[in-house]
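Peer 1:
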Amino acid sequence: MNKEAAKEHILKNLMPGDSLVGFFIAQQPFKLWLFFIIGPLAVLSMKQYFIAVTQKGIYFHRLNLPD
C-alpha cells in the first residue's frame, strides 16, 4: 500500500471529530524458529501495522499481507 492510500485508509477510519497528526508503518519480523520448520514460508508470519497518531489517541491498523 502506498503512502497516499495508507493516509486515505486511516482518515476514513478515524472517529468523528478526531484529526490526524501523523502515521508510520511498524513491522514485526518473522519468527526465526519457524524458518527452521517451514523454510521461506516463515516470512508469512511477519506482521505489519499502520500506527496513526491523532489528537485524541493512537490507532493501530493491521495489514494482512504487504503490497
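FYI, numbering that gives the first Met the number 0 numbers position 60 of the sequence shown as 59, with every residue one higher than the one before it.
Ideal Cβ positions, reconstructed from N, Cα and C, are used throughout, including at glycine.
Owing to the predicted nature of the structure, the values given are computational and were not obtained by experimental measurement.
1. Here's a check: name, in chain order, each residue in its chain whose Cβ is nearer than 7 Å to the Cβ of Val20, leaving out the five neighbours to either side.
2. Pick helix, strand or coil for Asp11, following the three-state DSSP scheme.
3. Would you mind listing the alpha helix (DSSP H) stretches within the stretch 12 to 51 that are 4+ residues and don't spill past its ends, in chain order?
4. Nearest-angstrom Cα distance between Asn42 and Phe34?
5. Roughly how many angstroms lie between the CA atoms of Leu62 and Met14, to the nearest whole one?
Peer 2: By the coordinates alone:
1. Short of 7 Å from the beta carbon of Val20, and not among the five residues preceding or following it, lie these beta carbons of its own chain, in chain order: Val52, Thr53, Gln54.
2. It is Lys, not Asp, that sits at residue 11 in the sequence shown. Reduced to three states, the DSSP call for Lys11 is helix.
3. 31 to 37
4. Rather than Asn, the amino acid found at residue 42 in this sequence is Val. The straight-line gap from Cα to Cα measures roughly 8 Å.
5. Taking the straight line from one Cα to the other gives about 19 Å.
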